[in-house]
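Down below is the structure, laid out as structure tokens.
Number of protein chains: 6
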Amino acid sequence: MSHLSDNLIGKDALLLVLLGEEPDPGVLSKMQKLNWRYCVGKVGSMDSKKVVAAIETAAKSNGIIKPDIYRESHALYHVIIEAIEGVTRGQMQLGDVLRTVGLRFSIVRGNPYDNPEEGEWIAVALYGTIGAPVKGHEHEAVGLGIFHV
Amino acid sequence: MSHLSDNLIGKDALLLVLLGEEPDPGVLSKMQKLNWRYCVGKVGSMDSKKVVAAIETAAKSNGIIKPDIYRESHALYHVIIEAIEGVTRGQMQLGDVLRTVGLRFSIVRGNPYDNPEEGEWIAVALYGTIGAPVKGHEHEAVGLGIFHV
Amino acid sequence: MSHLSDNLIGKDALLLVLLGEEPDPGVLSKMQKLNWRYCVGKVGSMDSKKVVAAIETAAKSNGIIKPDIYRESHALYHVIIEAIEGVTRGQMQLGDVLRTVGLRFSIVRGNPYDNPEEGEWIAVALYGTIGAPVKGHEHEAVGLGIFHV
Amino acid sequence: MSHLSDNLIGKDALLLVLLGEEPDPGVLSKMQKLNWRYCVGKVGSMDSKKVVAAIETAAKSNGIIKPDIYRESHALYHVIIEAIEGVTRGQMQLGDVLRTVGLRFSIVRGNPYDNPEEGEWIAVALYGTIGAPVKGHEHEAVGLGIFHV
Amino acid sequence: MSHLSDNLIGKDALLLVLLGEEPDPGVLSKMQKLNWRYCVGKVGSMDSKKVVAAIETAAKSNGIIKPDIYRESHALYHVIIEAIEGVTRGQMQLGDVLRTVGLRFSIVRGNPYDNPEEGEWIAVALYGTIGAPVKGHEHEAVGLGIFHV
Amino acid sequence: MSHLSDNLIGKDALLLVLLGEEPDPGVLSKMQKLNWRYCVGKVGSMDSKKVVAAIETAAKSNGIIKPDIYRESHALYHVIIEAIEGVTRGQMQLGDVLRTVGLRFSIVRGNPYDNPEEGEWIAVALYGTIGAPVKGHEHEAVGLGIFHV
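Chains A, B, C, D, E and F, in that order, give the protein sequences.
Quick note, in our numbering, the first sequence goes up one by one and the last residue is 587.
Quick note, in our numbering, the second sequence goes up one by one and the last residue is 587.
Quick note, in our numbering, the third sequence goes up one by one and the last residue is 587.
Quick note, in our numbering, the fourth sequence goes up one by one and the last residue is 587.
Quick note, in our numbering, the fifth sequence goes up one by one and the last residue is 587.
Quick note, in our numbering, the sixth sequence goes up one by one and the last residue is 587.
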């Protein structure tokens, strides 16, 4: 049987987006020791597909997924959609229902289980604001998706 | 106009559930200085309504909302549902689709905006695992809901 | 081409549930003149399927649909589900997310279009309260479904 | 404990949109006696965000909410989305799934509870037609959202 | 009472889209003997409304529904939406969440029940691929909707 | 780059459930030649979790997934949920909204792409009836889910 180890991929992805512009050194050094791949980025848009595209582009250009292998893109796509569901809570639409997001995102790839057979998983964390297209008319939102690659 | 201040109610609620059994002393002392009310707790269930009830009970018994005022319960209810949407991503059902959750939760009440007229807001953060009713067959999940009280 | 006539089946169904215990005499006499069939009833429950069943039973026992013809039950079922979606707004669950409803319902069957070829349509209107299982911790809700029979 | 009084904010909002171009004088005089704020309007579109924007603009230009206070806009936004869910029943999209709406809307602000501590609530009612972008190929729809401000 | 006969409208619609470019002669001859109307077609798009429109246009130009009778368009519309829900599984959006479909569709009209009073029903089947807007980055998807006309 | 080959895992899974009690010999022999694993079964219930459980049990007892590896159960779970979404179209509830299903299911595991690096994928197809808990008051429904294992 497999169990979640102390190397929690979701928690690490969340800390990367929560703890400010500079990723937490403790999280970074742990991920390097584990040989986990990761990146962070930012995206602001009223257009859901730009959020999806920004994260996909970052994952490919940082070597977190192989662009030619569909199963890797497919895993990442589902992870992104699940993370956006946490941010949008109920309807995935942004501009179509007159709202906008400003988000930091992180992508982490590694095995969070104690059993090496579990292979690699990918986590996407989103944290930032959602609200009306008026500066300050917004509140915080978070989302996390996790899938095996 | 109002803007989000540095006192980010959602981020604080998330750090309370992410940083282990013992809430982070930095977060706690900041919340005390701001006179924000908060509590943390745990709930594990295959039954969505037990998750809702556990958070409602904690909010009332810790004096975070007034049980007799419906607007306070109503705000909290919507916050809880939004947080659960982040955890369940698409369908709010747990046991009905054969899955279970084990979650830490936090509830924080205060004004995260620079304008005192914005009054009080309430945040509920959830972090833990979701998966099959089999030990270890689970991954992490997070949710955050925020509403004015 | 067909157009909605002044005999608005949805509006009539809504007025039947909004205007108190005694259905509005103006609405009633208009529906009798048009030979429209209708009934009203009440249901309170934390269980969605009891709401569905109460309306189906009323429709059959009042001769609004023929119980043996599946296409009539099928039309009514979709109408009921659409009306409940207006009441629940997003997730159809009641007790599973710790909430309850107290509703008046009406069912109206007739042709609201100026073209007789449009045949018969069925409308279900719901009006009442939704909220916590605590007296007074509730607000109003409404729903309307319309389908051709 | 608080209970819904006879001053039912949702019912009044619904009667304002159901009873024709001229709002019912009985409803209007009751709302004036209670010092409730309200307005009515119309919007037709294949674009969900235009429905949202038309109601937000009416609420601000009629002094029903204060444009500078985010909690007021935030409450109104959730009320509008809930009302649209009753109209669209399942998927909030309009033109994206090739359908259009023609709606009357009302916005009412006041305290519908017997306890003054419940403060102010806001209701948005929608009533009109939804259907194909072909004249007459449409049926009626209704929606109601209610939130504390 | 009515029962589903051996003339299964959904199965026939599915076989028409699954069995290649040339519809299965067995299915075709059975439908001709039953006097069922049907057609097949293809649509590829990132835009949900183009999928809806392509099927509606085919149904009208092949005489499967009468364009002037709203109840026929209304039935077809709901059937199409239900079929698309099978293809999109959760969120009806395509391009808005950066994905595209390439689908074969079939429309079949007839009575699948042993009781002639059940009248005519309409089935829409969809089969093809859904995925990223990158050739080969896609997997198969299917959908089926059925309604009485 | 990878492309879907002629060995279409979803089409094969669908043909296994559509073509009667005895799986099509052409499909079976093709799957054996490819060394694909598969099984078929039946489940009837008003309870969504029994549908999930029946398919999971069949997959494990037929050696299609390894019960001890969570990534395999996790992939299968998502595939099942996606297939059920095609059957239920909008709300995953069955008995909770007073409906029941009678379904044949198939599970197929193999690589449908021309690139061996795409590894193994799993497809679940569902076909049968959904309707009221009254014999004959039902129509056909289909669902298909596909994921990399």
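Virtual Cβ for every residue (Gly too), placed ideally from N, Cα, C.
Quantities reported herein were computed from a predicted structural model and do not represent experimental measurements.
Find the residues of chain E that neighbour residue i, judging by a C-beta separation of less than 8 Å, and give them in chain order.
i	result
residue 530 of chain A	529, 531, 534, 535
List, in chain order, every chain A residue whose beta-carbon is nearer than 8 Å to that of residue i.
i	result
residue 448 of chain E	Chain A residues near residue 448 of chain E: none, gap ~28 Å exceeds 8 Å.
residue 519 of chain D	529, 535
Which residues in chain F have a C-beta closer than 8 Å to the C-beta of residue i? List them in chain order.
i	result
residue 483 of chain E	Going along chain F, no residue has its Cβ under 8 Å from residue 483 of chain E, so there is no contact; the nearest lies around 19 Å.
If we call anything under 8 Å between Cβ atoms a contact, is residue i one with residue j?
i	j	result
residue 517 of chain E	residue 583 of chain E	yes
residue 570 of chain D	residue 536 of chain D	yes
residue 440 of chain E	residue 508 of chain C	yes
residue 551 of chain F	residue 483 of chain F	no
residue 485 of chain E	residue 533 of chain E	yes
residue 469 of chain D	residue 529 of chain A	no
residue 448 of chain E	residue 521 of chain E	no
residue 525 of chain E	residue 564 of chain E	yes
residue 599 of chain A	residue 519 of chain A	In the structure as shown, chain A begins at 439 and stops at 587. Residue 599 of chain A is therefore absent and cannot be evaluated.
residue 488 of chain C	residue 481 of chain C	yes
Taking residue i as the reference, which of the options has the closest Cα?
i	options	result
residue 459 of chain A	A/541, A/475, A/495	A/541
residue 580 of chain E	F/586, F/527, F/531	F/527
residue 450 of chain F	E/543, E/521, E/587, E/578	E/578
residue 555 of chain A	F/500, F/505, F/520, F/555	F/505
residue 559 of chain A	A/515, A/499, A/573	A/515
residue 553 of chain C	D/553, D/574, D/546	D/574
Please compile the residues from chain A whose C-beta is within a distance smaller than 9 Å of the C-beta of residue i.
i	result
residue 574 of chain E	508
residue 497 of chain E	Under the 9 Å cutoff, chain A gives no residues; its nearest Cβ is about 27 Å from residue 497 of chain E.
residue 570 of chain E	494, 508, 511, 512, 515
residue 442 of chain B	567, 574, 576, 577, 578
residue 452 of chain B	452, 456, 565, 578, 580
List the residues of chain F whose Cβ lies closer than 9 Å to the Cβ of residue i, in chain order.
i	result
residue 491 of chain C	536
Quick one: which chain D residues come within Cβ less than 9 Å of residue i?
i	result
residue 486 of chain E	531, 534, 535, 536
residue 472 of chain C	Neighbours of residue 472 of chain C on chain D: none; closest Cβ ~16 Å, over 9 Å.
If contacts are defined as beta-carbon pairs under 8 Å, then residue i and residue j qualify, I think. What distance do you get, rounded to the angstrom?
i	j	result
residue 478 of chain B	residue 544 of chain B	5 Å
residue 548 of chain A	residue 586 of chain A	At roughly 11 Å, the Cβ-Cβ gap does not stay under 8 Å, so residue 548 of chain A and residue 586 of chain A are not in contact.
residue 493 of chain E	residue 475 of chain E	With 8 Å as the limit, residue 493 of chain E and residue 475 of chain E do not qualify as a contact, their Cβ atoms being about 14 Å apart.
residue 453 of chain F	residue 466 of chain E	Going by Cβ atoms, the distance from residue 453 of chain F to residue 466 of chain E rounds to 18 Å, so no, they are not a contact pair.
residue 523 of chain D	residue 523 of chain C	7 Å
Give the interface partners of residue i over in chain C, defined as CB-CB distance under 8 Å, in chain order.
i	result
residue 439 of chain E	506
residue 584 of chain D	577, 578, 579
What in chain C is Cβ-close to residue i, meaning under 7 Å?
i	result
residue 581 of chain D	524
For a contact defined as C-beta to C-beta under 9 Å, what are the partners of residue i on chain B?
i	result
residue 632 of chain D	What is shown of chain D runs 439 to 587, which leaves residue 632 of chain D out entirely.
Could you name the residues of chain B that residue i contacts, counting a contact when the two beta carbons are closer than 8 Å?
i	result
residue 557 of chain D	509
Handout entry: chain E contacts from the region 455-467 of chain F (Cβ-Cβ distance under 8 Å)
Key = The residues in question are 456.
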